[in-house]
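For the sequence shown, my numbering gives the first residue as 58, with consecutive numbering after it. Beta carbons are placed, not taken as given, at the ideal position from N, Cα and C, and that holds for glycine. Note that the structure is a prediction, hence the values are computed from the model and not measured.
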Amino acid sequence: MFGRLLWKLLRSNLPRLAVALVAVTSGATVISALLDLQFDIDRKLTQEFRALGANVVISRAHSGLALGANEPRSEVRGSPSLMDQAPVLAAIERTRTSDVVAAAPFLYIVARAEATPVVVAGTWLDQTPTLDPTWKLEGRWVRSREDQTSCLIGRNVARQFKLAPPGDLDLQYLDHHAQVRVAGVIDAGGAEDNQVFVNLPVAEKLANVGDQIQLVEMSIQGTGTTITRRMAQLAVELPDDEVRPIRAATEAEGKLLDRTRLLIALMVALILVLTALCVLATMAALAMERRKDVGLMKALGGSMARIVGLFLAEVSTLGAVGGLIGCAMGMVLARWVGQRVFGASINPPWDIFPLTTVLMMGVALAGALPLRFLGKVKPAVILRGE
């Protein structure tokens with residue numbers, strides 16, 4: 058009986074309820090799309106920021122950049138900017154998770170090429186495409202960190218020495234020499250354009266420092282909280298070294314994520330309020346029309362709790378149907394926004410369906426406040442036609 062009465066109510070007031078259904082569906086569509094973006098935005102934005110390169114650096118406190126070409130060998134070996142490679146890399150491996158996209162040690166020296174000073178950066182060249190994805194390359198990447206005969210050079214170095222792949226370059230540091238072949242010319246748009254990049258063993262042999270490095274650059278994927286947690290773990294593992302973020306990338310990422318979350322939360326709250334007001338207006342009109350129905354039901358012995366429950370079931374059904382339809386439309390809208398903003402599809406979690414549906418049912422029930430005035434309807438007054 059209850060189901061039949063509910064169906065009669067929905068069918069008899071379909072034109073007026075359609076207005077509220079459109080409002081609920083529209084609100085659910087936008088809210089579902091925003092929530093889809095909210096749940097997926099951390100991954101999308103951090104992917105975009107990882108294109109900027111490394112965001113964490115491990116080094117000695119107050120370390121210098123490069124070992125000078127005229128620096129005595131004894132000072133090079135005992136330089137306070139150097140740290141042992143093995144314990145640092147071991148600590149990184151102990152704390153390594155899927156959040157760590159790439160990591161590579163660096164050793165900088167100022168060597169000479171054709172009697173001209175040039176900064177040589179020893180690193181793991183196989184990590185370069187991942188650690189610095191914005192670099193443009195003419196030639197080929199060096200895919201093995203064991204390759205001691207290949208190098209990458211900046212565009213300014215290539216112009217200065219008139220080099221192009223596969224040209225040869227002779228590097229000299231004190232009485233040590235290294236002959237390397239240019240595998241590619243990089244265009245980084247920064248200081249790297251003035252540097253020569255070789256695999257770490259080549260730089261260590263030139264500087265005669267053994268297994269020592271100056272710093273480690275890392276690219277950690279995740280929110281500012283994730284990056285801070287990884288840095289704290291590394292700081293515990295490396296108490297004598299300094300673990301610091303590259304402020305320009307990390308702070309910008311954290312601020313943008315926080316502002317985006319706040320914007321989405323405010324928009325969701327605003328849409329919920331507007332949807333509730335629309336349902337409220339519709340329910341207020343229905344409450345006036347249903348005074349006679351309520352009076353008749355009371356006269357026939359219906360309890361007020363059962364009558365109000367019938368009307369609340371009607372409103373809940375309205376919210377559930379609008380929420381489910383809006384969720385499906387919101388997924389389509391979220392995918393469109395993802396393609397337009399991020400150039401990649403959004404993958405909405407299925408948790409959005411029950412969450413949005415419950416939200417819209419709550420909004421619909423909040424908009425049903427005028428129905429509580431039906432409890433004041435007096436059957437005698439209605440039956441007299443007043």
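Assumed close pair residue i, residue j - CB separation to whole angstroms, cut-off 8 Å
i, j, result
"VAL113", "ILE270", "About 15 Å; that fails the 8 Å criterion."
"PRO222", "GLY241", "6 Å"
"ARG151", "GLU299", "So it is not a contact: roughly 18 Å between Cβ atoms."
"THR413", "GLY376", "So it is not a contact: roughly 10 Å between Cβ atoms."
"LEU272", "ILE115", "6 Å"
Residues near residue i by beta carbon distance below 7 Å, same chain, minus five either side
i, result
"ALA111", "LEU188, GLU274, MET275, SER276, ILE303"
"ASP227", "ALA170, HIS234, GLN236"
"ALA292", "VAL300"
"GLY135", "Any answer about GLY135 is weak, because its pLDDT of 40 lies below 50 and its placement is not dependable; what the coordinates show is given next. Same-chain partners within the cutoff: there are none."
"ILE284", "ASN112, VAL113, ILE277, PRO302, THR307"
"MET288", "VAL113, VAL300, PRO302"
"ALA75", "none"
Residues bridged to residue i (per DSSP)
i, result
"MET386", "The partner list for MET386 (beta bridge, DSSP) is empty, contrary to what the question assumes."
"PRO162", "VAL273"
"PHE254", "ALA178, LEU209"
"MET140", "ILE270"
"VAL237", "LEU226"
"THR173", "ALA170"
"GLN301", "The residue you asked about is not Gln; residue 301 is Arg in the sequence shown. DSSP, once it has assigned bridges, lists VAL114 as partnering ARG301."
"SER242", "Per the sequence shown, residue 242 should be read as Val rather than Ser. BP columns for VAL242 point to GLU195, ILE210."
"VAL157", "ILE277"
Cutoff 6 Å; reference residue i; Cβ partners in own chain excluding five residues on either side
i, result
"PHE410", "CYS384"
"ASP244", "LYS193, ARG212"
"LEU182", "VAL199, ASN256"
"THR82", "GLY379, ILE382, GLY383"
"ALA80", "THR332, CYS335"
"ILE321", "LEU91, GLN95"
"ASP232", "none"
Given residue i as reference, the closest of the options once Cα atoms are compared
i, options, result
"ALA421", "GLY179, ARG212, CYS335", "CYS335"
"ALA168", "PRO162, GLY179, VAL158", "GLY179"
"GLY224", "GLU195, GLN184, LEU390", "GLU195"
"GLN43", "SER155, ASP244, GLU261", "Since the displayed the chain opens at 58 and closes at 443, residue 43 lies outside it and no answer follows."
"ASP297", "VAL79, LEU91, LEU78, LEU139", "LEU139"
"PHE163", "MET324, ARG316, GLN396, PHE254", "PHE254"
"ASP97", "LEU416, MET386, PRO405, ALA322", "PRO405"
"PHE218", "GLN252, ILE382, GLY395", "GLN252"
"GLU294", "ALA80, SER201, ARG153", "ARG153"
"MET324", "ALA338, VAL214, THR86", "THR86"
"THR173", "GLU203, SER201, VAL214", "VAL214"
Alpha-carbon spacing of residue i relative to residue j, whole angstroms
i, j, result
"LEU146", "ALA160", "9 Å"
"VAL239", "PRO144", "32 Å"
"GLN229", "LEU263", "7 Å"
"ASP93", "ASP408", "10 Å"
"ALA370", "GLY419", "12 Å"
"THR332", "GLY84", "6 Å"
"VAL158", "GLN290", "16 Å"
"TRP393", "LEU327", "22 Å"
"SER89", "MET388", "7 Å"
"ALA248", "THR317", "32 Å"
"ARG485", "ASP250", "No answer is possible for residue 485: it lies beyond the span of the chain, which begins at 58 and ends at 443."
"GLN142", "LEU390", "50 Å"
"ARG286", "ILE149", "13 Å"
"GLU132", "VAL266", "Only weak support is given to the placement of GLU132: the predicted model assigns it a pLDDT of 35, under 50, and the value that follows is read from those uncertain coordinates. Taking the straight line joining both Cα atoms gives about 10 Å."
"ASP268", "LEU416", "59 Å"
"THR206", "THR282", "41 Å"
"ARG202", "ASP315", "39 Å"
"GLY246", "LEU319", "34 Å"
"VAL175", "MET386", "59 Å"
Beta-carbon proximity list for residue i, same chain, < 8 Å, skipping 5 on both sides
i, result
"THR185", "ALA161, TRP192, TRP198, VAL199, LEU209, PHE254"
"LEU220", "ILE210, VAL214, LEU226, VAL239, VAL242"
"ASP204", "LEU182, ASN256"
heavy atom of the ligand PLP below 8 Å from residue i C-beta
i, result
"ILE166", "Absence of the ligand PLP is noted for the structure shown, with no ligands found whatsoever."
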